[in-house]
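Respectively, the protein sequence lines represent chains L and X.
Under the numbering used here, think of the first position of the first sequence as 738, with each following residue one higher.
Under the numbering used here, think of the first position of the second sequence as 4, with each following residue one higher.
Backbone N, C-alpha and C fix where the C-beta goes; we use that ideal spot for every residue, glycine too.
First up is the structure itself, then whatever we jot down about it.
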Amino acid sequence: MPMTLHINGETHQVDADPRTPLLWILRDKLQLTGTKYGCGESFCGACTVHLDGKPVTACRIKLKSAVGKQITTIEGLNSRVGEQVKRSWLELNVAQCGYCQSGQIMAATALLERNPSPADEDINEALEENICRCGTYLRIRQAIKHAAQKLA
Amino acid sequence: MFARIDQSKRGQDMTRRDVLKLISATGMGLTLGVYLPVSSAAAMDSAMKANGSLEPNAFVRITPDNRVTVIIKHLEMGQGTFTGLATLVAEELDADWSQIVAEPAPADVKRYNNLLWGPMQGTGGSTAIANAYEQMRKAGAAAKMMLVAAAAKQWAVDTGQIAIHQGVVHHKASDKQATFGQLAALAAAMPMPQPEEITLKDPKDFKLIGKQSLPRKDVGKEDGSAIFTQDIQLPGMLTAVITHPPRFGAKLKTVDASQTLAEQGVVDVVTIPDGIAVVAEDFWSAQSARKKLNIEWDESQAFNKSSKELQADYMELAKKPGLVARQDGDTGAALEKASQVLESHYSFPFLAHAAMEPMNCVAKVTQEGCEIWNGEQLQTPDQTNIAQALGIKPEQVKINMLYAGGSFGRRANPMSDYVIEAVLIAKTRPGTPVKLVWTREEDTQGGYYRPMYYHKLRAGLDMDGNPVAWEQRIVGQSILKNTPFEGFLVKDGIDATSVEGASTLPYSIPNIHVDVHNVELPVPVLWLRSVGHTHTAFSTEVFIDELARTAKQDPVAYRMRLLKGHPRLQGVLKLAAEKAGWGSPPPKGRGRGVALQESFSSFAAQVAEVSITEDKEIKVERVVCAIDCGLAINPDIIKAQMEGSIAFGLGPALMSAITFKQGKVVENNFDGYEVLTMDKMPEVEVHIVPSSAPPTGVGEPGVPPIAPAVANALSALTGQRFHQLPLKLS
Ligand code: FES
Ligand code: FES
Chain L
738 MPMTLHINGE THQVDADPRT PLLWILRDKL QLTGTKYGCG ESFCGACTVH LDGKPVTACR
798 IKLKSAVGKQ ITTIEGLNSR VGEQVKRSWL ELNVAQCGYC QSGQIMAATA LLERNPSPAD
858 EDINEALEEN ICRCGTYLRI RQAIKHAAQK LA
Chain X
4 MFARIDQSKR GQDMTRRDVL KLISATGMGL TLGVYLPVSS AAAMDSAMKA NGSLEPNAFV
64 RITPDNRVTV IIKHLEMGQG TFTGLATLVA EELDADWSQI VAEPAPADVK RYNNLLWGPM
124 QGTGGSTAIA NAYEQMRKAG AAAKMMLVAA AAKQWAVDTG QIAIHQGVVH HKASDKQATF
184 GQLAALAAAM PMPQPEEITL KDPKDFKLIG KQSLPRKDVG KEDGSAIFTQ DIQLPGMLTA
244 VITHPPRFGA KLKTVDASQT LAEQGVVDVV TIPDGIAVVA EDFWSAQSAR KKLNIEWDES
304 QAFNKSSKEL QADYMELAKK PGLVARQDGD TGAALEKASQ VLESHYSFPF LAHAAMEPMN
364 CVAKVTQEGC EIWNGEQLQT PDQTNIAQAL GIKPEQVKIN MLYAGGSFGR RANPMSDYVI
424 EAVLIAKTRP GTPVKLVWTR EEDTQGGYYR PMYYHKLRAG LDMDGNPVAW EQRIVGQSIL
484 KNTPFEGFLV KDGIDATSVE GASTLPYSIP NIHVDVHNVE LPVPVLWLRS VGHTHTAFST
544 EVFIDELART AKQDPVAYRM RLLKGHPRLQ GVLKLAAEKA GWGSPPPKGR GRGVALQESF
604 SSFAAQVAEV SITEDKEIKV ERVVCAIDCG LAINPDIIKA QMEGSIAFGL GPALMSAITF
664 KQGKVVENNF DGYEVLTMDK MPEVEVHIVP SSAPPTGVGE PGVPPIAPAV ANALSALTGQ
724 RFHQLPLKLS
């Protein structure tokens, strides 16, 4: 039976096993490939999306538990904070390979939405589970602060 | 990720000419000098003129919409090559940075070979900027000459009176101006300059090269629009996941796939030499159905050792002399006369690359040949291997080049492992594209590791504490033996990638002996970012620090004296020490340590400051890095590569290891195979040595010094000596 998902302000009908992780619904059924697969076990944060505004790892959310929630992916990240975070990311040349960056940006935006001027510890705590193998951590931190300043 | 050829010659610095000679000597052949292949469109002259574009060579395309497309022959995997190579073209073309677009080159070894590798297209060994520096500049300069010629013709003026500034062609006297786009069609009709007619700018006139921070050209990484192999969607495409044998060397006995085949979305189960693939309509269908496979393996011939046993084997081997990689003087005699002899040993585990994007490849096999979509790092070897696997010609293998979500060497496998898997699976469904996706678990357990190594070092000091003898023995698997690269980098049984950094020890010590034991194991191994230097920098730089401490001398001053004849190493050491405040005591509770390494013709030194937390954990607080990579093309990318290299190197320094237990890999995801996370990232300061030397790479040289710098800092703080990675406090 098709289920209804609310993603980036649009409604989608999805016919799949209700236990399918949201990540694979997004990627394989809806072609929203900005959300990345990195580990499938909620260890790496590459699949971070917002569920009712909160950052979650889409590889650990089952399709059925995403029903009725507002889902935001990197493709639909257009809030004032989200747009600024993306601009700051570009300005500081944060991305290297870029594979982790959708997840980083989603986590960073969620942090700034709830804490407009995060200290280093807040950033560490919010992004501790977002692995970046290219090691862009310093610039991520700088870009979050840059965005916070621009938004203030 | 390759060791540059120059690593195999030890001792002194090697000039570029030596590199060329060496390549020819190894039978690789080489296109000497820089050349500018024509574009495929230019080959079909009329096509080019019809669309009003200027394609003076295989690297530049100027279209009527005023866009300058730079065709990039190297893989963008985060190291910034799209930006780097585009900078070179834009500089000579005097283009406006905003009109530049980077586009990946197709697989075409005639046009897009790596000039340092001869007839081979590929990316690695931090060679992109080094091999393409002149070529890309000439490509831009040639385009500029044609645009100037076109403007001169159109305005009936002398070419000498025409100037270009930020993408605008201008004739001052008549105040006429035109964009590149407006001139493209006419320029395409101008004679193509011969390479020898092309003059390059005087470096003092550079406007983009050396500019602090240009926006990167590998776009789409902030909004999810960048496409990686993982993201490819093609009509009718199927997705495959694969199960590899639980131990290396195990063989398939039987597989019962009936339950898997009955699952929703599953299309087929395919057995290939490397494992069993479940092919389905999408990833999750394949992945969940895979658990229902009933597989029996024949493990009678499989690898069944544990890391601990290997360690014991290696230590045993280290008692015997190995193949001699370097011999200066007579260490035995010198050690006998030495007033003090020190000995130490160092152990290094296997390491996984753990690129953020697990290995994957899309393949389609048809009557005409094979097409793959891949973050492709070794075009020519992959084409050759695929052709061999399918019984077709390499030219019949088309490669669609995508971004790679990291690689660190993993996507540059001379054996083409996962690429061949994808092709063999796709072969069973002619005409249908199949995306092979390795899970993180397969990626972690699938082999092709940085080998495990054991080093034994011995040194003798004279009465003043100066080293008079240095012996180093390295035990571990050769990365390149029995691969298509063997002839390239293995000589007299000595794999340059096993000993580089050790056989090239820069310190002036009269008697030096380095030898190596090649261990044979069924565990597949591969180069990992900075290759041999991942271990040799640690053993040599920790040991030299120990010598300095034993001699009661300052580690920086001690090194500085022994680096006579290595001004660029001295330069980075001096700069890093100065900027780190070496002369003054470190902040309370912190220890400071230094290390340096030349790798891939670049020079790096790092000073680390460490502390120990209340929970008795190592904390790296701050790293000051000095890098000399010749002329700095993109300072911001150099800085980013140093920051990233430090983060990458801190993984093996503090937490990463692949361990075997009875032949099985213990770690299988990021919970077991730990890597550096944001909370552990130190402050990093990067200082670039101003230089006008030919530019060299920065993708790898920042990695080697970090682990020894941290170990030396910890020793300074605690007095403990460190003999293994990852570092552990006692
Ligand atoms: S893929 Fe979801 S956290 Fe790694
Ligand atoms: S940018 Fe490559 S993993 Fe983060």
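Helix, strand or coil, according to DSSP, for residue i in the structure here?
i: Ala753(L); result: coil
i: Trp530(X); result: coil
i: Gln382(X); result: helix
i: Gln727(X); result: strand
i: Ser480(X); result: One point to set straight first is that residue 480(X) is Gln, not Ser, in the sequence displayed. Of the three classes helix, strand and coil, the one that applies to Gln480(X) here is strand, per DSSP.
i: Lys1(X); result: Nothing about residue 1(X) can be read from this structure; chain X reaches only from 4 to 733.
i: Gly490(X); result: helix
i: Arg595(X); result: strand
i: Glu94(X); result: helix
i: Gly463(X); result: strand
i: Val151(X); result: helix
i: Tyr457(X); result: strand
i: Pro183(X); result: Sequence check: residue 183(X) is Phe here, not Pro. Three-state DSSP puts Phe183(X) in a helix.
i: Tyr317(X); result: helix
i: Ala448(X); result: The residue asked about is misnamed: residue 448(X) is Gln in this sequence, not Ala. Helix.
i: Trp585(X); result: coil
i: Pro698(X); result: coil
i: Gly568(X); result: coil
i: Asn388(X); result: helix
i: Ser291(X); result: helix
i: Asp857(L); result: helix
i: Gln665(X); result: coil
i: Leu734(X); result: No answer is possible for residue 734(X): the residues shown for chain X start at 4 and end at 733.
i: Ala283(X); result: strand
i: Gly647(X); result: helix
Cutting at 7 Å between CB atoms, please list the residues of its own chain near residue i, excluding the five before and the five after it.
i: Thr809(L); result: Asn745, Val786, His787
i: Ser342(X); result: Leu464, Asp465, Met466
i: Leu572(X); result: Pro509, Leu566, Leu599, Glu601, Phe606
i: Met193(X); result: Met149, Ala152, Ala153
i: Gly777(L); result: Cys796
i: Pro792(L); result: Thr785, Met843, Ala844, Ala847
i: Asn852(L); result: Asp859
i: Ala28(X); result: Because Ala28(X) carries a pLDDT of 31, less than 50, the predicted location of this residue cannot be relied on, and the following value inherits that uncertainty. Closer than 7 Å at Cβ, skipping near neighbours: no residue.
i: Gln267(X); result: Ser288
i: Cys834(L); result: Cys871
Under 6 Å Cβ to Cβ from residue i, same chain only, skipping five residues before and after it: list those, please.
i: Gln290(X); result: Val244
i: Val71(X); result: Ile65, Ala98, Gln102, Ile103
i: Thr431(X); result: Val273
i: Ile868(L); result: Cys781
i: His458(X); result: Tyr349, Ile477, Ser542
i: Lys401(X); result: Glu374
i: Ala131(X); result: His77, Thr84
i: His538(X); result: Phe351, Tyr456
Hey, would you say the C-beta of residue i is under 7 Å away from at least one heavy atom of ligand 3?
i: Leu760(L); result: This structure lacks ligand 3; the ligands present are ligand 1 and ligand 2.
Residues proximal to ligand 2 by C-beta, any heavy atom closer than 6 Å: Ala832(L), Gln833(L), Cys834(L), Gly835(L), Tyr836(L), Cys837(L), Gln838(L), Cys869(L), Arg870(L), Cys871(L), Thr873(L), Gly81(X), Met359(X), Gly409(X)
Segments of 3+ residues assigned as beta strand (DSSP E) that fall wholly inside the stretch 607–645 of chain X: 621–631
Stretch-stretch touch, CB-based, cutoff 8 Å, three pairs: the stretch 640–659 of chain X with the stretch 706–720 of chain X: yes
Stretch-stretch touch, CB-based, cutoff 8 Å, three pairs: the stretch 202–219 of chain X with the stretch 130–150 of chain X: yes
Three or more C-beta pairs below 8 Å linking the stretch 173–192 of chain X and the stretch 151–163 of chain X: yes
Segments of 3+ residues assigned as beta strand (DSSP E) that fall wholly inside the stretch 777–855 of chain L: 785–788, 791–794, 807–809
Secondary structure, alpha helix (DSSP H): runs of 4+ residues fully inside the stretch 504–565 of chain X: 536–553, 558–565
Touch test, the stretch 408–416 of chain X against the stretch 119–130 of chain X, Cβ-Cβ under 8 Å, three pairs minimum: yes
contact_flag[the stretch 524–536 of chain X, the stretch 472–492 of chain X] where n(CB pairs < 8 Å) is 3 or more: yes
Within the stretch 187–267 of chain X, ranges of the alpha helix (DSSP H) (whole runs, at least 4 residues): 261–264
Those runs of the alpha helix (DSSP H) which lie wholly inside the stretch 105–173 of chain X and span at least 4 residues: 112–115, 131–158
Any 3 or more C-beta pairs closer than 8 Å across the stretch 417–434 of chain X and the stretch 362–379 of chain X: yes
Unbroken stretches of the alpha helix (DSSP H), 4 residues or longer, contained in the stretch 407–437 of chain X: 420–430
4 or more residues per run - each alpha helix (DSSP H) lying fully within the stretch 304–358 of chain X: 310–320, 334–340
Cβ contact (3+ pairs, closer than 8 Å) linking the stretch 686–706 of chain X and the stretch 623–634 of chain X: yes
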